[in-house]
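In our numbering, the protein residues as written are 7 to 102. To start, the structure itself, in structure tokens.
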Ligand SMILES: Cc1cc2nc3c(=O)[nH]c(=O)nc-3n(C[C@H](O)[C@H](O)[C@H](O)COP(=O)(O)OP(=O)(O)OC[C@H]3O[C@@H](n4cnc5c(N)ncnc54)[C@H](O)[C@@H]3O)c2cc1C
């Protein structure tokens with residue numbers, strides 16, 4: 007879980023660097039960071055819920071709230087599918 011969190015941090019900083027330096031692939035890097043972070047983030051919270059057993063799915067628990075918030079991140083500000091389309095659009099410039 008720690009490895010996933012550090013991976014997320016690195017790709018978000020990398021996307022921010024591309025935006026700061028005005029590289030023309032910044033939008034693809036932003037989508038890659040968002041997509042990868044929500045996929046890894048969902049796995050981290052899924053494991054945390056599993057580790058705590060029933061507490062994690064109890065409706066008043068903090069983990070339950072984080073689990074639902076993480077799921078929202080797969081939908082808000084561009085769904086996973088939309089991020090994949092943006093990444094494909096960028097890739098298609100090179101793939102022809
Ligand atoms: C936390 C959060 C914050 C939000 N904030 C805002 C906000 O500030 N402003 C705002 O206007 N909206 C906001 N939304 C709404 C959000 O933008 C929409 O929920 C999102 O765009 C999905 O649209 P939809 O719910 O109508 O689902 P639909 O468009 O019906 O999509 C349903 C599913 O089908 C997939 N899908 C749709 N079309 C395609 C396609 N062509 N190819 C492949 N898959 C496809 C989608 O990815 C999704 O998984 C927010 C949502 C959340 C969860």
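Cβ atoms here follow ideal geometry from the backbone N, Cα and C, with glycine treated the same way. Quantities reported herein were computed from a predicted structural model and do not represent experimental measurements.
- Taking 8 angstroms as the upper bound for CB-CB distance, residue 76 and residue 48 are in contact here, some 5 angstroms apart.
- Following the DSSP letters along the chain, one finds residue 87 inside the alpha helix (DSSP H) bounded by residues 86-101.
- Per the coordinates, the alpha-carbon of residue 91 lies some 34 angstroms from the alpha-carbon of residue 57.
- In the three-state reduction of the DSSP assignment, residue 58 falls in the coil class, being assigned neither a helical nor a strand state.
- In the structure shown, residue 52 falls within a helical segment according to DSSP collapsed to helix, strand and coil.
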